[in-house]
Every structure is written in structure tokens, then in C-alpha cells.
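Colleague:
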């Protein structure tokens, strides 16, 4: 038991340090923003003000905590969308496209089942989102498995294509009449309304359930064993009788399903799909996955952290006049420190006990490598 | 809109092809193609330099974006402090020149980060590149929000080629394409040629290729693999920086959040398409962005006949989809090319593998 | 052998000591080599020969000792330094870049320049051709290295050193990948080099070659020099005893085999390589239950593709494979395994193990989905752990625990994991591909014993190995593979090593004065095919 705890602690030391260092670096930026922003004042204490309002915005009230959970919910899903892929040696940067397609499908299906009772409409719409997301993940998975096209480039391209296609469709084909901007019709009973008078909604449960399911899948099933084996050494997996191609396609589709569910949650919360739907949860998922070391539990924690930051940022912008985009910068710096963690490990001789596959796996394989299988 | 099968569709297709040829030869669209292709080609050159040395770099997008921002802000600042008349040649002002220099420096700076993470820390190179993309996006969006730009330093102007050359029958369009452009776009051809020659005929090129294929072999003949990789990544950063400067100082006169819009990744596809050779990558850039230029061409010089009415009809009925289609063509082509070409394209053998000097075997 | 007058020693290494964690690789080693001398460095795998030469070539720094060249003490900081001092190294695993040309490979690092930027390819071409001629062969500087045969690639490596005016040439196991014929040819090159005054250091563990080519022989054992001899004063038994430190032990007693009906039949099999060339051209053989069939042959004659076609990793383009009576054409890998086929792949780290996974996971890498290790898709961790403990003990795998990553094991123990995984099943047929490559003597003995045991239990074993000694030691029948065909099939226990070696090199056709393709230039003398055999 102690060993397990200690290994978890070791697991989390470097991410924790990275976050701390990133906040420090961001402090410098915050001070700079005080200088060159509207106020043109050098305020060395500005970072503390900013972080305090960040914390207050996230934790200071029950509403704040609710907001944090609500913000974290889609991040858990996109975090899984990237993290599970990493376990298979795939880098799913296409979570954005999968999110959009999933949300769009959920909106369309939602309008179709708008009149049905909520316990039918909601799951059906969410399922539709998952399937659409799975499709968006299937395409790059298939391409990678059968042509060797590296998923990093194809998924980014697909992000753009999905975004263009969906917005074109909303504008031209599925535009609901009577609104001042282009959007789909209301989803009626499929909407994820707030429970009580908080922003918490049923989608949170769906997302939370995915965490233990993923853990079980990866570590307790034969399917997860195959995923990890293919991610670690696809040639040996093939020699042992596994089918890397099938695993890649399956994993990418699964990742797409997670992301699609995330998109569905966001859109169903909104109640419709707007032609211009900007969301950062696709890229945030990358941070969550890397911060959470591709482990479902870590992803949960990382999603909560990032959700807290996103939830608290608006208050920070009001009180400390620091633009919310600072969260994006903090994310980037956290990742830089995470990537350089190898250096930190070597210095402190940190080792994570256990299965040894908790680290960032090497996924860089040459663009020209074909998957045999 | 009736869907036509068989011969009517074929007819449309043929009309379309002849329209294409006509458009290219008429010459008015071709400088647009080069203009669109310039950041791609420069990004591809950055990629070639990196990957030929054995370093995978998918952070070209972030490098471009960051350099674009730096170029814009530096030029703006200088323009505010020292306003000057644009010179007749390319509309050069000190602001613009300094902007370009700053962009190149920014490209080198970010490349240094990528080089450090990839070569010294030996982190996963794709993750390193992604981190650069995320950080660049976040940082530029943040700064863009913080400092409201209220003016612009303007842009470089295009060169006007002599009418005599342009009006030559048959090949006039070539001159128009390659000379009726701004300075950065014009320099692309030169840079592509220089890089190609250097890569295959010079000592530096031989060593670079060796390090990308078999770093251990290079090491045993006394080549400093680490230093060569660092240097090449930094030089590549200069190209990416120049691409960023093009976006804000030559193509447009402003900076928008995430204005690179995936160009860095299209550049990678162009590199793969060109088999990691500068000239091939340049051809790829022209091809990919040419597809987007078709949309522009159709708008400026609409086709006639059945094709014209067909396209106009679609535009009427689905304006958003119509526009987005042409915008999306390069992305689609990229996927198709990657899927079709990758299996037959061979990357440098040691691409993506960090080099570890063994103290003894 | 060259007649050397006695000039002063060109190279002297005095008291070289090099330590690594847990082992002293070189322990106060003295070595001197004269100009025009071919000096052999003899020792077992791991004795310290390669480390010593790495020190000489600047790839490692000695903890104690000094090096003198022409009597002057020198410090060799790195390979560039060594090259500058006239030391050239021809590595065992060639340091050549396949996609570049011969000239480009030779030029790399010592580029001949037309001006500060551009290479002078014409001058380089001229020099390379001239150098080749001087040592007896014609080489095409513009040929891409990947198109050359192994023997020719080695010549490129030698030219690399000569182009840089090396006077001291270190040759690390130069004949490891050559056929006997190619060995003869390259020995002629060595003699010419020595005659021109170059000093050659020839690292090997092959006794008969060393006796044939060297002027002096220094034997290293466990990091120390145990003796220096001249060939005339010694013989193989003496050298073997020096190398190993005791009377050379006999090979594993393999007993008699009792073959029954065929379990694995290959009929007219045709397979294409990745490049589209047909590399298996109508192969026929069968393996009977309770026997070991060894496939001998120089690497690259189609063995890899043959094994891949039998195990299901590669499609065949013609012919059939039968396993226990069933035609398994088109069967996926897993199905073949389930039908009773076992497979120990040739590269344990690349193909056989997932190094990041614990040993237990590796032990069930092929069986993880079936009972008792899984019920449906749910894995049974307790059953896996129990089985892992049992197997680790049964196969004597040295590890602190069943849960540590396989990457922490030594080479021998890693191979044991794979062997344990495959051998502990009931198998009809078993394919062993280079089963003891790179292993220490103890592990080799263990695996050979296990193979015999499996054979006696009724499995039919197909053994593919580049080590002719291993084939001879284990096989009940021996097939020789040459250019994609089985050109000979002989009885194992009575096989003659020289004969087999000759067939491996020439395909069984009498060579007479005809040289195999891939060589050119005049032969200095008729090919000497009397390769002396013996135990090593």
C-alpha cells in the first residue's frame, strides 16, 4: 500500500513542480502585462492579486466550484481522447475536429428528439456525438494504419476540414430561422440544463464515469494490453500475434468517441450549435493528457486543475486586469517544463516504480514508416 | 440542383480543366499562387533542414506564428518612432526591414528551444513541436489582447516587371508569376535553389545528410553530430521566421490570432511530397496552395458556359459551403498526398531519433 | 605471410586500464605492433578486445596507461584525433550510410574540396579508383552503398581508412560476415597492405583464421593479456586453452533423435522481399517430429523471408506450408501459434519482447487472451503472477522480481524469457531464429539443452542460425540455403564443416577458377579453399 502511494507521489512530483515553475514564469508575464497594459504601472504584487482572484473564482464559492467542475468535464473527455491515444503510441491532436463533429451531431440529433422525454433524448444525442467523434477519429486511424500517414498532420488537417464543413453546413443547410446569428435549432429535452440553480449538469456524470472505465480498459483488459503493447513495441506485438493495424484504428476511433462526447456535452449545454463555435478544449486536452501522464486518474486531476484555471480566469480578468489568455500561456510553459522533466529526473534521480510505462512515451516515428500488420 | 451523371459531369470536368489552363496562362492569377505558396515553401525549407539532420519539427506552425507577431510589432514600433517614406523599390522602409530581421531572430530563438528539447534533453520531438505550437498560440493571443494594435507599419510592395517580358507569348506568365511579387516571395526561389545546391553539392550538405541517416557513422569519422544538428535547426528557424514576416509584412498588414491557420503543417506535407528536397518541396507548396488560388481565380475571372452557371448556381444556394470548399482544398490535398505518397517516400533514416554518444561500446 | 624485418614498434600501448561499473574491461594491457605487421588480437566475446581498440580509436578514454606512436606518447581525445594520427578503424558493424554513394561515404569527414564550399567529386573519384587499384580491386565510386554486397562494403570501409592515410588499421572481426571465399580475397588485400608498410591489428575469435594471417598473436582473457605467440610456435588447442583458461569443453551431448512423421512441410515456397525481388525460390523441405533441422547459410540468402513466411509475418507468393497436416497458407500469426507453432525471433529486443512491460506481461505476450490468463476481455492478474513466478524459477531467469521491466534484464535472461514463453507450451513445431546470438557461454549452453529437451519431447524444430558451429552442434539434419534455394540436405552428426562452409559460399557448384559475382579484378592466386576448421 505504501509502495503504491509512494509510486503515485513520485508520479506526480514532476508535474507538480512544472506547474509551480510555470506559475512563476507567468508571474513575470503578469507583471509585464501590468506595465504595458492599460494601466502602465509596475506592480510587483500583481501576480498575487491575479492568482488570488483565480483561486477565488474557482473555489471561493459553491458556484465557483460548480463552475470548475463544469469546465473540467469536457477536459476530462478530451484528456482521455489524447491520453488513451498516447498509450497506443498515437498523438491525437485532432481532438478539436472530433469535438466539433461530435457537438454538431449531438445538436442535429437533439433537434430531432427534442420532444422525447429527457431520459431518451439526452442519451441518444450524446451517443450520436460519440459516434460522430468516433468517425472523425477513425479516418486518421485508418490512414495511419494502411498508408502510414502520420496522425499528427492528418488530424490537424481534419480539424480544419471539419470546422469548415460544419460551419458551412450550419450556415447554408441547417440554419434555424428566427435567430440573429447562424445556429441550429434548439435541442429541447436533450439540453443539459443546470441542476438546481447551479451550472452542474448530467454531463458531469457521463464524463466522470469514463475515467474508471478507461482505467479498467487499459490495465485490466486484454484490449488495453494490446493497446499498450502496440504503443510500446508494435513489431514485437505483431510477432506475438497481435494486429497493430486493427489496434490503431480501434484506438483512434475510441479517442474520437471520447472527444465527440466532450463536444456533445458542450453543445448540449449550450442548447444549439452556432456556426462559429470556438472552443479550446481540443488543445486543452493535450495539456491535460500530458500533465496527467496519460493515466486516467492523472487526467482527472489535471482536468480539474485546468478547469479551475479556466473557471477562475474571468474573475482574474476583471479584478487584476490580466487577459484570460494568460491561461494559454501558462499551459504552454507547464508543458515546456514537463518536456524538460527528463532533466529534472536525472538531477534528482527520480524513478517511478511500478510498471514503468507511466512516462511520456516516445511516439515520434518517422513519417514514412508503414504500419505492417 | 440536379445531380448530373455520366457525360454531363465529364463535360463539366473538361471545361474545368481547360479553364484551369486558361487561368494559369493568362497570368493574372499566378503571382497569387506564388504569394500563397511562399510561407509554405519557407516552412518546408525549415522542415527540410531540420529533418535532413534527423530532427522532427512539427513546431513550424508555432515558429511562424510567433515570428509573424514579432515582425508586426517591431515594424509597428519602429514605424511609430521613425516614420519614413516607402522607397520605390518594394516599398522598403526601415520599419519593415527591422521587422523582418526581428522575425528571423524570433524564429531562431524558438528554434533554440526546440533544439534544446529535442537534441540535448532528448524529449519526444513531436511533443516538443506541439508544445511550441501551443505556447506560441497562447503567447501571441495573450499579447495581442494586451496591446491593442492601433496602426500598421504597412507592407512591402510588389515588384512591377517590365511589360515586355510579361507580354511574351507562351512564357509571359512565368515572368508574371515569379516577378510580380514582393521581396520575400521573390527571395523564396533563390533560397530554394541555394538550399538545394548546398544540400547535395557542398560539404555541409554531405555532413547534414549523413547525420540524418546514420549519426553514429558520422560520429566515428569525427563529425560533431550535436553541433551540426543545433546549427541546422537554428538556420531552419530563420526560414520559419521569414515566413512569419511574410504573413504580416507582405501578405497582409496586420496580425490576427492564429493567423497561420495550419500553414506550418501544410509545409510539412509539402516537404514529404518533395521527398525532403528543397525543389520538390517548393513544387509541393505551389501545388497545395494552387488549389486555394483556384477559388480566387473563379472569383476574379469567372468561367463561362455550363461551368460558369453551374458554379454560380452552387454559390447562390450554398454560399458558405462554396467559399469554405476552396479554403479547405489545401487541407484536403494534404491528406490525400500524405496518404498516397508516404509509403513510397523515405524519410532520412535517423529522423526523430535523438543521438546519444556512447562513451564506449 | 609477410616477412617483416625488425623495425622499431610503430604502436605501443602500455598498461592500458579501463574500468566500467562492476567490471574491469582492460587490466594493464600491453600491446605493441610493428610497421608492416599483421598482429592478431584473440579472445572470447567480452574479453576486452573491442574496449582496447575503442581506447586506441578515441571512442573511450583509459583510466591508466599510455599510448605511443613511433615512440612518442600521444593523447587520443576522439576519433578525429585518432584519424589525424594515422589510426583507422574498420568496424565490425559497418559505419556506412546506405543511401549515399561509395565516394560520399569515403569523403565524409575528410572531404576533398574544390573550394571552401563545394566538394571536388572528380578528384575524389580519381583518388578512390587509384587506391582501389593499388590494393587489388576495382571499385565504382558512384555506386550506392546499399547496392553492394557485404564483402564490397567492407572494402569501402577499408578504403575509408586508407583515404585518410591511416598507417595503423584496426580490423574488428572483419570476417564475421564474409563467406569463406570473400575471406580469402580480403586476406590478400591485408597482405598487400602489410607489404606496403601498414600495421594491421586484426581482432577475432576465429582460431584458424588468426593462425593463417597473423604475424603475431596476442591472446586476451577477462581483460588481461595471457600470452603472445607466433603462429609457428602454436596451434589451435594451445590458443583455445589460452582464450578460455581451461581445457575446452565439449559440445552439449545431444543424444540420438527419434524422428517421427513430418510436422512442418514447406513445398515449393516462393517469397518476395520488401524490394519486390524473389528471395525464396521454390524451397522444399520438411521437419519431422522429434528432430532438429538446421538451415545453414550466410545471412541474406533468403532465410529471414523464409522464416517470416512460415510464421505468418509475410505473404508467400507461391507454394505451400503445412503444419501438422493442415495447409496454413494465409493463416494469421495467431492462428498458426494456436495450431501448435512456436517461434523465437532473431532479435529479442525488437521482435521478441516489449522492454517496458514487466516480465510477467512478456511471459504471456502470446497467450494473454486465453484461459487462464484472461476470462473474456478481463485479465486474470493473479493467474498471470502465479504462472510468472513458476516459470521464472523453472527457467532460472535471474531477476529480483516478476514485475520489473524486461528491459532491466541481461541479454541472456531476456532470451530466457522468450524461450520460457515459447517452450512451456505443447508445440508441434518450433522455429528458432538465431537463438543464441550475442549471449554468454552459460546462456548458450542452457538454451541448447532446452532445445534438445524439446526435441526429445516430440517437437519438430527448425533452427536457423548464422553460426555454423551452432548448426553443427544441434542439428540432426542440415539444409544449406543459398540464393533462395536449398542446395544441399545432409545428415547432421556426420556433416563436415568445411564442406558445408564451401556449399554456403558457392551453392555447391565447383568453383575452379571462376570467382563468384560481386568481385572483379585479377585474383593474385587461385582461390585457396582449404579453410581449416576446428573448434574455437
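Residue numbers (this note's numbering), protein chains in the order written: chain A, 1 to 373; chain B, 374 to 734; chain C, 735 to 1270.
Think of the CB as a built atom: it goes at the ideal place given N, C-alpha and C, for glycine as much as any other residue.
Note that this is a predicted model, so its numbers are computed, not measured.
Leaving aside the five residues before and after residue 777(C) along the sequence, list all residues of the same chain whose C-beta is less than 7 Å from its C-beta, in chain order.
Modeller: Cβ neighbours of residue 777(C) beyond the five flanking positions: 783, 939, 953, 954, 955 and 977.
Colleague: What separation, rounded to the nearest whole angstrom, lies between the Cα atoms of residue 752(C) and residue 763(C)?
Modeller: Cα-Cα distance, rounded: 10 Å.
Colleague: At a CB-CB cut-off below 7 Å, which residues of chain A make contact with residue 1054(C)?
Modeller: Those do not exist, as residue 1054(C) stays about 21 Å from chain A at its closest Cβ, beyond 7 Å.
Colleague: Taking the alpha-carbon positions, what's the residue 352(A) to residue 13(A) distance?
Modeller: Its pLDDT being 42, under 50, residue 352(A) is placed unreliably by the model, and the measurement read from it follows with that caveat. Residue 352(A) and residue 13(A): Cα-Cα distance of roughly 10 Å.
Colleague: What residues of chain A sit near residue 700(B), judged by a beta carbon separation below 9 Å?
Modeller: Within chain A, the residues near residue 700(B) are 160 and 164.
Colleague: If you follow the beta strand (DSSP E) that residue 1225(C) is in, where does it begin and where does it stop?
Modeller: Residue 1225(C) -> beta strand (DSSP E) spans 1219-1225.
Colleague: On the three-state DSSP scale, how would you describe residue 317(A)?
Modeller: Residue 317(A): helix per DSSP, three-state reduction.
Colleague: Pull up the CB-CB distance for residue 875(C) and residue 835(C), whole angstroms please, since I reckon it's below 8 Å.
Modeller: Correct: roughly 7 Å between the Cβ atoms.
Colleague: How about residue 172(A) and residue 514(B): do their beta carbons lie closer than 8 Å?
Modeller: Result no, Cβ atoms of residue 172(A) and residue 514(B) do not sit closer than 8 Å.
Colleague: Within the 8 Å Cβ cut-off, does residue 1244(C) reach chain B?
Modeller: Bear in mind that the predicted position of residue 1244(C) carries a pLDDT of just 46, short of 50, making it unreliable; the figure below should be weighed with that in mind. No - not a single Cβ of chain B is within 8 Å of the one on residue 1244(C).
Colleague: Who are the Cβ neighbours of residue 194(A) in its own chain at under 8 Å, not counting the five residues just before and after it?
Modeller: Answer for residue 194(A): 200 and 201, listed in chain order.
Colleague: When the Cα atoms are used, what is the spatial distance from residue 310(A) to residue 485(B)?
Modeller: Going by the C-alpha atoms only, they are around 30 Å apart.
Colleague: Please report how far the alpha carbon of residue 1067(C) lies from the alpha carbon of residue 238(A), in whole angstroms.
Modeller: Straight-line Cα distance between these residues: approximately 8 Å.
Colleague: Within 8 Å of any Cβ in chain C, is that where the Cβ of residue 43(A) sits?
Modeller: Chain C contact via Cβ: absent.
Colleague: Identify the contact partners of residue 590(B) in chain C, using a Cβ-Cβ distance below 7 Å as the criterion.
Modeller: Those are 829, 830 and 831, listed as they occur along chain C.
Colleague: Rounded to the nearest angstrom, what separates residue 654(B) and residue 663(B) at their Cα positions?
Modeller: Roughly 14 Å separates the two Cα atoms.
Colleague: According to DSSP, is residue 487(B) helix, strand or coil?
Modeller: Looking at residue 487(B) - three-state DSSP - the assignment turns out to be helix.
Colleague: Give the C-beta separation of residue 721(B) and residue 502(B) to the nearest angstrom, bearing in mind that I take them to be a contact with Cβ-Cβ under 8 Å.
Modeller: Wrong, their Cβ atoms sit about 16 Å apart, outside the cutoff.
Colleague: Taking all protein chains shown into account, do 16 or more other C-beta atoms lie within 10 angstroms of the C-beta of residue 1134(C), making it buried, or fewer, making it exposed?
Modeller: By the neighbour-count rule (16 or more Cβ atoms within 10 Å), residue 1134(C) is not buried but exposed.
Colleague: On the three-state DSSP scale, how would you describe residue 391(B)?
Modeller: Of the three classes helix, strand and coil, the one that applies to residue 391(B) here is helix, per DSSP.
Colleague: How many Å lie between residue 33(A) and residue 319(A) at the Cα?
Modeller: In a straight line, the C-alpha of residue 33(A) is about 14 Å away from that of residue 319(A).
Colleague: Out of 852(C), 747(C), 773(C) and 1054(C), point me to the one whose CA is closest to residue 806(C)'s CA.
Modeller: Of the listed residues, the one whose Cα sits closest to residue 806(C) is 747(C).
Colleague: Which residues in the same chain as residue 288(A) place their Cβ atom closer than 8 Å to its Cβ, once the five residues preceding and following it in sequence are excluded?
Modeller: Closer than 8 Å at Cβ, skipping near neighbours: 75, 76, 78, 79, 82, 83, 299, 302, 303 and 306.
Colleague: Would residue 1165(C) count as contacting chain A if we go by Cβ distances under 8 Å?
Modeller: It does not: the Cβ of residue 1165(C) has no partner Cβ on chain A nearer than 8 Å.
Colleague: Quick one: does residue 257(A) have its CB under 8 Å from some CB of chain C?
Modeller: No, no contact with chain C.
Colleague: Mind listing, in chain order, the continuous beta strand (DSSP E) runs of no fewer than 3 residues lying wholly within the region 605-682 of chain B?
Modeller: Runs of the beta strand (DSSP E) inside the region 605-682 of chain B: none found.
Colleague: Quick one: give me the first and last residue of the alpha helix (DSSP H) that residue 1115(C) is part of.
Modeller: From DSSP, the alpha helix (DSSP H) with residue 1115(C) extends over 1115-1128.
Colleague: Thinking C-alpha only, which one of 1044(C), 756(C), 775(C) and 1204(C) is nearest residue 935(C)?
Modeller: Nearest option by C-alpha distance: 775(C).
Colleague: Could you tell me how far apart the beta carbons of residue 810(C) and residue 902(C) are, in whole angstroms, since I believe they sit closer than 8 Å?
Modeller: With 8 Å as the limit, residue 810(C) and residue 902(C) do not qualify as a contact, their Cβ atoms being about 11 Å apart.
Colleague: Report the option in 1093(C), 1096(C) and 1120(C) whose CA atom is closest to the CA atom of residue 1106(C).
Modeller: Checked all of 1093(C), 1096(C) and 1120(C); the closest Cα to residue 1106(C) is 1120(C).
Colleague: Check whether the Cβ atoms of residue 1185(C) and residue 1195(C) lie closer than 8 Å to each other.
Modeller: Contact flag set, yes.
Colleague: Is DSSP giving residue 197(A) helix, strand or coil here?
Modeller: In the structure shown, residue 197(A) sits in coil (DSSP, three-state: anything other than H, G, I, E or B).
Colleague: Throw me the rounded Cβ distance for the residue 498(B) and residue 428(B) pair, which I believe falls under 8 Å.
Modeller: Their Cβ separation, rounded to whole angstroms, is 6 Å, which keeps residue 498(B) and residue 428(B) in contact under 8 Å.
Colleague: Enumerate in chain order the residues of its own chain whose CB-to-CB distance from residue 20(A) is below 6 Å, with the five nearest sequence positions on each side excluded.
Modeller: Contacts found: none.
Colleague: In three-state DSSP terms, what is residue 906(C)?
Modeller: Correct three-state label for residue 906(C): strand.
Colleague: Could you check whether the Cβ of residue 220(A) sits closer than 8 Å to any Cβ belonging to chain C?
Modeller: By this cut-off, residue 220(A) is an interface position.
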